[in-house]
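Participant: In the working numbering, the protein residues as written are 288 to 356. Sharing a structure with you now.
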Amino acid sequence: MAIGTVKFFDPSRGFGIVTPSDDGADLYVSVDAVERAGWSTLSVGERLHYDRMTADNGWPFADNLSRLH
């Protein structure tokens, strides 16, 4: 699993952005991924473990989220 920091999250818009700690490109994170993790929202600055996935359109996204303690 990779590690990153929440840069932005707006549940009303249904998505957010995670910045990887390895200086890679920012990743999309959907409200669906957040809800699958059992949460309702993410906080800016929060650190996460995630799996980096690639959508059919080629965009990278974070899934299988867990909070870094």
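Ideal Cβ placement from N, Cα and C applies to all residues, glycine included.
Thinking C-beta only, is residue 324 closer than 9 Å to residue 299?
Facilitator: no
Participant: Rounded to whole angstroms, what's the CA-CA distance from residue 321 to residue 328? Just pull it up for me.
Facilitator: 7 Å
Participant: Starting from residue 319 and walking both ways along the beta strand (DSSP E), at which residues does that stretch end?
Facilitator: Not the beta strand (DSSP E): residue 319 falls in the alpha helix (DSSP H), residues 318–323.
Participant: Which residue's Cα is closest to the Cα of residue 312: 356, 348 and 355?
Facilitator: 348
Participant: Could you tell me if residue 331 is buried or exposed, where buried requires 16 or more neighbouring beta carbons within 10 angstroms of its beta carbon?
Facilitator: exposed
Participant: Are residue 338 and residue 288 close, meaning C-beta to C-beta below 9 Å?
Facilitator: The Cβ-Cβ distance between residue 338 and residue 288 falls below 9 Å.
Participant: Over what stretch of residues does the beta strand (DSSP E) that includes residue 335 continue unbroken?
Facilitator: First-last of the beta strand (DSSP E) with residue 335: 334–341.
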